[in-house]
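What follows is one structure encoded as structure tokens, with my remarks underneath.
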Amino acid sequence: MISALLTAIFLSFFASAVILNYKIGRLLNLSFASIFTLGAYIYFSFNPTSALLLALIFGGIMGAIVSAATRKLSVAEATIISLGFSIAIEESLRFLYRTSYYQVMETNYVELFGEVVSIHEMLNGAMIVLLFLAFAAIPLSRRGFELKFVEDDWELAEMYGVDTSRIRFLTISISSSFICLSGAVLAPTQSLFPSMGWSSMVIAVIIAAIAALAGNAGLRKYGLTIPIAIAYTAVLRWLL
Amino acid sequence: MLQLIDVSKVYNGNVVLRGINFELESGFAGIYGPNGSGKSTMLKIIAGIEKPDCGRILFEGEDIAGKTPEEVARMGITIVYQIPRPFKNMSVIENVATPFILRVSYREAMESAMEICEFVGLKNKVNLKAGLLSQGELRLLEIGRALAAQPKLMLLDEPFSGLDVENAKRVRRILRKIKREGVDAIVTAHRMKLLRDIVDVSYEMRGGKIAEG
Amino acid sequence: MKKDFAIILALLLLPLLLRSSFIVSVATMAVVYSILSLSWFFMEKEAGWTSLVHSIPFGIAAYALAINPVLIIPAFLLSLLLFTALSLSGREKFVFTSFITAIVFWYFSHYITLSVNGGVVGGEEGFSFLSIGLWESYLLSSSMLLLFFTSFALIRKSGLGLKIEAVRDDEFAARSIGINAFKIRIVSFAISVFTATVAGVCYLLYFGHVSPEIFSVEIVLLPFVASLIAGNRWASPIIGSYIIVVVSRAFSGILPETHLLIYAAVLMLSPKLKRWWGASAY
Amino acid sequence: MKWRFFAIFLALILLGCAQPAEQSGEIIKIGVLVPETGLYSTAGVAMKNAAELAAEHAGNVELVFADCGDTPEKAKTAFEYLVSQNVDAVVGAYSSPQSMVVADAAGESKVVYLVSVASTEAIEKKVAEGNNYVFRVAYNTTYWGALAGEFLKLAKPEKYYFVGYDPLKTFNQGMLKSIKSLYGDPEVEVYYKSPSVSPDDYKKVAREIAGMAGDRDVIILGDPGGISINFLKEYRANGGKGLVYSVGGALALPSTLKKINAEYTVFQAAALEVTEKTDMTKKYFEDYREKYGEDANNYAGLLTYDSIIILSQAYKKGGKDKLIETLLSGKFEGAAGIYRFNDLHQALWGSDELKGVIGEFVGGEVKVLYPPEFATSQVLWMK
Numbered sequence: 003m004i005s006a007l008l009t010a011i012f013l014s015f016f017a018s019a020v021i022l023n024y025k026i027g028r029l030l031n032l033s034f035a036s037i038f039t040l041g042a043y044i045y046f047s048f049n050p051t052s053a054l055l056l057a058l059i060f061g062g063i064m065g066a067i068v069s070a071a072t073r074k075l076s077v078a079e080a081t082i083i084s085l086g087f088s089i090a091i092e093e094s095l096r097f098l099y100r101t102s103y104y105q106v107m108e109t110n111y112v113e114l115f116g117e118v119v120s121i122h123e124m125l126n127g128a129m130i131v132l133l134f135l136a137f138a139a140i141p142l143s144r145r146g147f148e149l150k151f152v153e154d155d156w157e158l159a160e161m162y163g164v165d166t167s168r169i170r171f172l173t174i175s176i177s178s179s180f181i182c183l184s185g186a187v188l189a190p191t192q193s194l195f196p197s198m199g200w201s202s203m204v205i206a207v208i209i210a211a212i213a214a215l216a217g218n219a220g221l222r223k224y225g226l227t228i229p230i231a232i233a234y235t236a237v238l239r240w241l242l
Numbered sequence: 008m009l010q011l012i013d014v015s016k017v018y019n020g021n022v023v024l025r026g027i028n029f030e031l032e033s034g035f036a037g038i039y040g041p042n043g044s045g046k047s048t049m050l051k052i053i054a055g056i057e058k059p060d061c062g063r064i065l066f067e068g069e070d071i072a073g074k075t076p077e078e079v080a081r082m083g084i085t086i087v088y089q090i091p092r093p094f095k096n097m098s099v100i101e102n103v104a105t106p107f108i109l110r111v112s113y114r115e116a117m118e119s120a121m122e123i124c125e126f127v128g129l130k131n132k133v134n135l136k137a138g139l140l141s142q143g144e145l146r147l148l149e150i151g152r153a154l155a156a157q158p159k160l161m162l163l164d165e166p167f168s169g170l171d172v173e174n175a176k177r178v179r180r181i182l183r184k185i186k187r188e189g190v191d192a193i194v195t196a197h198r199m200k201l202l203r204d205i206v207d208v209s210y211e212m213r214g215g216k217i218a219e220g
Numbered sequence: 002m003k004k005d006f007a008i009i010l011a012l013l014l015l016p017l018l019l020r021s022s023f024i025v026s027v028a029t030m031a032v033v034y035s036i037l038s039l040s041w042f043f044m045e046k047e048a049g050w051t052s053l054v055h056s057i058p059f060g061i062a063a064y065a066l067a068i069n070p071v072l073i074i075p076a077f078l079l080s081l082l083l084f085t086a087l088s089l090s091g092r093e094k095f096v097f098t099s100f101i102t103a104i105v106f107w108y109f110s111h112y113i114t115l116s117v118n119g120g121v122v123g124g125e126e127g128f129s130f131l132s133i134g135l136w137e138s139y140l141l142s143s144s145m146l147l148l149f150f151t152s153f154a155l156i157r158k159s160g161l162g163l164k165i166e167a168v169r170d171d172e173f174a175a176r177s178i179g180i181n182a183f184k185i186r187i188v189s190f191a192i193s194v195f196t197a198t199v200a201g202v203c204y205l206l207y208f209g210h211v212s213p214e215i216f217s218v219e220i221v222l223l224p225f226v227a228s229l230i231a232g233n234r235w236a237s238p239i240i241g242s243y244i245i246v247v248v249s250r251a252f253s254g255i256l257p258e259t260h261l262l263i264y265a266a267v268l269m270l271s272p273k274l275k276r277w278w279g280a281s282a283y
Numbered sequence: 003m004k005w006r007f008f009a010i011f012l013a014l015i016l017l018g019c020a021q022p023a024e025q026s027g028e029i030i031k032i033g034v035l036v037p038e039t040g041l042y043s044t045a046g047v048a049m050k051n052a053a054e055l056a057a058e059h060a061g062n063v064e065l066v067f068a069d070c071g072d073t074p075e076k077a078k079t080a081f082e083y084l085v086s087q088n089v090d091a092v093v094g095a096y097s098s099p100q101s102m103v104v105a106d107a108a109g110e111s112k113v114v115y116l117v118s119v120a121s122t123e124a125i126e127k128k129v130a131e132g133n134n135y136v137f138r139v140a141y142n143t144t145y146w147g148a149l150a151g152e153f154l155k156l157a158k159p160e161k162y163y164f165v166g167y168d169p170l171k172t173f174n175q176g177m178l179k180s181i182k183s184l185y186g187d188p189e190v191e192v193y194y195k196s197p198s199v200s201p202d203d204y205k206k207v208a209r210e211i212a213g214m215a216g217d218r219d220v221i222i223l224g225d226p227g228g229i230s231i232n233f234l235k236e237y238r239a240n241g242g243k244g245l246v247y248s249v250g251g252a253l254a255l256p257s258t259l260k261k262i263n264a265e266y267t268v269f270q271a272a273a274l275e276v277t278e279k280t281d282m283t284k285k286y287f288e289d290y291r292e293k294y295g296e297d298a299n300n301y302a303g304l305l306t307y308d309s310i311i312i313l314s315q316a317y318k319k320g321g322k323d324k325l326i327e328t329l330l331s332g333k334f335e336g337a338a339g340i341y342r343f344n345d346l347h348q349a350l351w352g353s354d355e356l357k358g359v360i361g362e363f364v365g366g367e368v369k370v371l372y373p374p375e376f377a378t379s380q381v382l383w384m385k
């Protein structure tokens, strides 16, 4: 149950990042798939502490590049460019880590309420919850108001003099940064291979799409992704 | 020809039309009244876009109250919206040709559309995308497109709103021409003065009620 | 329009001159995907619905033919029904609902199995079918492509085309001049679904095998990507499909390790490509 | 302008095709379909390395590589490319649908194709239907099951559980059918879903089975992919007992087992370094390590190696024109044993000279359990 909840939190975080990028960055950011993978490979290559820091930095840089490359483009064009980035990162990782083995690491488990849970999953869950709380606090600030404005009506916000391109840049960079961090934190619970990020990406897009269908009101749609994540995987498991 | 009997409409508890009784035998009828008096709603109900809560609408003896907009249109009633709704990505002539298509071949439709474009004065803009027209031209296009449906009855919702003097004159001229062609119409406006020299009979609408005036 | 036609004809004739079976096989794949992309483009540009579910008519047509050719008609009707049902959510939400449906269908397709002589066939392995041969496939799919391209050009200059475009631009205004918008929507879906179905049939007749990969995200996105990277003309989805098939498939032998980087580069440069294409080619 | 655009693309394609085929009588030109990109690219590295090593060892082989990706469609295009390079024979491809498509294409273009990984029964069916050009060096699904059955007979567990991977149900069920015919029904038959459907499903199944299985039970894990590693971790973390028998793939590589400290994991392989079935076994493993700096793959890589070695020997014996006849009538020495092919062009796995190997990872090292002539240990149970 706890482990399922942690997975749901992770997927909901991934989906929220997708929604946020869509609303503010105006692109379906498919580069997340490989940025997540990149994080995992960074964790594999460096010692844990510096890996986490590097993941944050590299993720941010990747996000910044994607943001710069997709400025002032239509949603569709920007989405295709992010797909190009995703493939490029994935293929580069394949080159850099040319091996016939899955990269694996050991992970430690702890028992929690009678359930065995990986420490790394818990860490990732805790990080995401903190992130959600920080995100929920943003609307209280002036910046947060701007953010909400942009999210609500991008064109109107621009007309009223909000610096939308800066907000867009920050949104894409920061969300990429955390996706990368999440990849690093979860690395020991995964078998690493260059296209590993896609399965999470696809589910995240579906959850984001369902959330977008279900409601569009403020922060609620991000919160909505958690029950949707739980329901979606449960329903599919039952259906198939 | 057209008869409204005890037609009422309520939106979210606001009574917009209170038992309207209205009859048009032939010619142009004008309805004037302030904003929110229910003029547009009445036209929309006749056109089948809105459903009345109660009452009957008889057109050539048939009750059309439950019909869909396309059924009403096919019986010969066309509406010209207050805010023009052109087919933005189609050319002017294609806009006008579309209603003809329901009756004749593509070639004939285009020929007839050309005549209408000439009639409403858009002859030199036929190949332009409708989305590029000015507000006044859009109104002319709307009227042209409605005419192309070869209506027995036209519903014109505030045809002069938002137009400058020049364009208002053009619309007025065209409406007179239409009248001469023998098409019947209901025209709304917020002031009676705008309608005086076009309509045969005028009504005043206030608070969802209608009275001859 | 004539230019577009000339370009397509030239594209189709080139492999015939080169007479290399590898080039023809790549070209056949490109032509099959061109038909699919064209059907997508028709729905997007002519009817105004952005679909991420064209893998379904494409895929189930291939599945139907592989299992039992009689199923082609139900497959077509099923796809049409699905499109119609999804469209009830409205144009805006159609992109999302269609994407979700396509993915769920992809999962489901792994469970399409048949019992043959006590053994299970299908599933993740898919079904085999007899290929009609390379040159035959190329001629068949090329003539289908030309046929559809020409038909679409004719439809656009016909009454039906006007009605479809009117409904695309303003459903309500179309209804109030007497157009049955729902009927027209279904007709336009039927045209698009039919084209995708034919693409699926051509796919199987050439390829001789169908597996769940046909419903994968890659195929879902292909017509969308293809139509976008090469401008916004009626030849664009076709040229785009050629570009994608060439960079992501044909180089698999010439540059086995790096060909996807070229694909990535093409995607990243696509807006430039598109503009350059739009500016210089016409 | 637009023509220049096409010209570039076409020129690039032609570049690949236009190389004149220099065909000397001594050298066999073999096309290798390697999944360089996509889902199976990890195995692809092993296959490519092994192929290069085989060419080095054989001496009379020229290789042409093409990326078959992870879809049958890419495999077919890659195959067509190899044919355009005038190869004498083709080996490789990874998944079953890929091999099925390539088999058909091989029949059409009359090029000999050796299936070196895929196990689907459809391949033998195609041969029975008259496709003479396809041979399989790898196990068929039945042999996958037979090998697991051999292990069950050796271990005689109190109960056995079958855990399959959902997207590979056809493969799993074919295998299970063969196990059942040898050892009876499993206690439980359960499948976990691909993580792209239900990310947590393997954990749930791991927990469930961990709750059921006892000390003297065997869990047969029918997933050759990366998730099998996650499953095993989760199973042991939840206190799962007994022996886990992995059908191979990701969990069959000793260095992976070492990395995750997978004690009491049993796995199957085409050959292991310690099972010197022929002179080539050790050579393969040693030279591979020396050349590439990591342990050699013992299934997909090894069988790709053997496929090329087999072709090289057949070519020496009978030349290009008699390749099919030579393959059908001859014996070929590979790293995994002596290969002969039956009427359905299937390598005779299970015969005296060609058997799969079962190893057990215990105490940080690999012990061989099967075949008996190479066995270094009994089945060891967890205490």
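Protein chains in written order, with the numbering used here: chain A, 3 to 242; chain B, 8 to 220; chain C, 2 to 283; chain D, 3 to 385.
We put the CB at the ideal spot given by N, CA and C, even for glycine.
- Task: Pull up the distance between the alpha-carbon of A:L54 and that of A:I44, whole angstroms please.
- Result: Working through the first sequence from its first residue, we reach residue 54 of chain A at position 52. Working through the first sequence from its first residue, we reach residue 44 of chain A at position 42. Roughly 8 Å between the two C-alpha positions.
- Query: Using a beta-carbon distance cut-off of less than 7 Å, what residues from the region 297 to 316 of chain D approach chain C?
  - Reply: none
- Message: I want to verify the contact list: residues of chain C whose CB lies under 9 Å from the CB of A:A87, in sequence order.
- Response: The sequence position of residue 87 of chain A within the first sequence is 85, counting from 1. Position check: residue 87 of chain A holds Phe in this sequence, whereas Ala was assumed. Under the 9 Å cutoff, chain C gives A265, L268, M269.
- Answer yes or no: do C:A65 and C:Y204 have a C-beta to C-beta separation smaller than 8 Å? The residue given as residue 65 of chain C occupies position 64 in the third sequence. The residue given as residue 204 of chain C occupies position 203 in the third sequence. No, the Cβ-Cβ distance between C:A65 and C:Y204 is not below 8 Å.
- Task: Tell me whether the beta-carbon of B:A54 lies closer than 8 Å to the beta-carbon of B:P76.
- Result: Walking along the second sequence from the start, residue 54 of chain B turns up at place 47. Walking along the second sequence from the start, residue 76 of chain B turns up at place 69. Contact: yes.
- Going along chain B, which residues have a C-beta under 8 Å from C:F173? Residue numbering aside, residue 173 of chain C sits at position 172 when the third sequence is read from its first letter. What C:F173 touches in chain B: I56, P76, R92.
- Task: Tell whether a beta-carbon distance below 8 Å holds between D:A52 and D:Y290.
- Result: Taking the fourth sequence and counting its residues from 1, the one referred to as residue 52 of chain D is at position 50. Taking the fourth sequence and counting its residues from 1, the one referred to as residue 290 of chain D is at position 288. It is a contact, given that the beta carbons lie within the stated cut-off.
- Item | In DSSP terms, what B:C61 is bridged to | The sequence position of residue 61 of chain B within the second sequence is 54, counting from 1. Answer is B:S15.
- Name the DSSP bridge partner or partners of A:Q105? By one-based count along the first sequence, residue 105 of chain A stands at place 103. Answer is A:L194, bridged to A:Q105.
- Message: Measuring CB atoms only, is the region 82 to 101 of chain A touching the region 212 to 231 of chain A, in the sense that at least three cross pairs come out at less than 8 Å?
- Response: no
- Chain-ordered neighbours of D:S86 on chain C, where CB pairs are closer than 7 Å: Your numbering for residue 86 of chain D matches position 84 in the fourth sequence. Correct list: S21, S22, F23.
- Item | 7 Å Cβ shell around D:G332 - same chain, five flanking residues per side excluded | In the fourth sequence, residue 332 of chain D corresponds to position 330, counting from 1. A316, K319.
- Query: Assuming D:L305 and D:V268 make a contact with CB atoms under 8 Å, what is their CB distance in whole Å?
  - Reply: Numbered from its first residue, the fourth sequence carries residue 305 of chain D at position 303. Numbered from its first residue, the fourth sequence carries residue 268 of chain D at position 266. Actually they are not in contact, since the Cβ atoms of D:L305 and D:V268 sit about 20 Å apart, beyond 8 Å.
- Query: Could you give the distance in angstroms between the alpha-carbon of D:D90 and the alpha-carbon of C:Y112?
  - Reply: Numbered from 1 along the fourth sequence, position 88 holds the residue referred to as residue 90 of chain D. Numbered from 1 along the third sequence, position 111 holds the residue referred to as residue 112 of chain C. When rounded, the distance between both Cα atoms is 38 Å.
- C-alpha distance - D:A208 paired with C:I230, whole-angstrom precision: On the fourth sequence, residue 208 of chain D is found 206 positions in, with the first residue counted as 1. On the third sequence, residue 230 of chain C is found 229 positions in, with the first residue counted as 1. The alpha-carbon atoms of D:A208 and C:I230 are separated by roughly 45 Å.
- Which residues in the same chain as A:E148 place their Cβ atom closer than 6 Å to its Cβ, once the five residues preceding and following it in sequence are excluded? In the first sequence, counting from the first residue as 1, residue 148 of chain A sits at position 146. Cβ within range, chain order: V164.
- Where the alpha helix (DSSP H) containing B:R146 begins and where it ends: Against the second sequence, residue 146 of chain B aligns to sequence position 139. Here the alpha helix (DSSP H) through B:R146 covers 142 to 155.
- Query: So which residues of chain C does A:I67 contact, with C-beta pairs closer than 8 Å?
  - Reply: What you label residue 67 of chain A is simply residue 65 of the first sequence in a count that begins at 1. Result: empty, since nearest Cβ-Cβ is about 10 Å, beyond 8 Å.
- Query: Going along chain B, which residues have a C-beta under 7 Å from C:A48?
  - Reply: Mapped onto the third sequence, residue 48 of chain C falls at position 47. By Cβ distance, chain B contributes nothing, its closest Cβ being about 12 Å from C:A48, past 7 Å.
- Using the Cα positions of D:A23 and C:G254, report the straight-line distance between them to the nearest angstrom. For the purposes of this step, residue 23 of chain D is identified with residue 21 of the fourth sequence, where counting begins at 1. For the purposes of this step, residue 254 of chain C is identified with residue 253 of the third sequence, where counting begins at 1. In this predicted model, D:A23 has a pLDDT of only 44, less than 50, meaning its place in the structure is not dependable enough to derive any value.
- Item | D:M3 burial status per 10 Å Cβ neighbour count (16 or more: buried) | The residue you call residue 3 of chain D lines up with position 1 of the fourth sequence. Residue placement at D:M3 is flagged as unreliable, the pLDDT there being 47, under the threshold of 50; the coordinate-derived value follows with that caveat. By the 10 Å Cβ count, D:M3 comes out exposed.
- Item | Under 7 Å from the C-beta of A:V118: neighbouring residues of chain D | By 1-based counting over the first sequence, the position of residue 118 of chain A is 116. The answer, in chain order, is A239, N240.
- Distance, D:K127 Cα to D:L346 Cα: For this step, residue 346 of chain D is matched to residue 344 along the fourth sequence. For this step, residue 127 of chain D is matched to residue 125 along the fourth sequence. Taking the straight line joining both Cα atoms gives about 8 Å.
- Keeping to the same chain, check which residues put their C-beta closer than 6 Å to that of C:G60; ignore five residues upstream and five downstream. Within the third sequence, the letter at position 59 stands for residue 60 of chain C. For C:G60, where only same-chain residues beyond five positions count, the Cβ hits under 6 Å are I215, F216.
- Query: Any beta-carbon of chain A closer than 8 Å to the one on C:I351?
  - Reply: There is no way to answer for residue 351 of chain C, as the model of chain C reaches only from 2 to 283.
- Listed from N- to C-terminal order along the chain, which residues in the region 162 to 180 of chain D have their beta-carbon within a distance smaller than 8 Å of any beta-carbon of chain C? D168, P169, L170, K171, T172, F173, Q175, G176
- Task: State the DSSP-derived secondary structure class of D:Q25, mapped to helix, strand or coil.
- Result: Taking the fourth sequence and counting its residues from 1, one reaches residue 25 of chain D at position 23. For D:Q25, the predicted structure reports a pLDDT of 47, less than 50, and the residue's modelled location is therefore unreliable. A value from the coordinates is still provided. D:Q25: coil per DSSP, three-state reduction.
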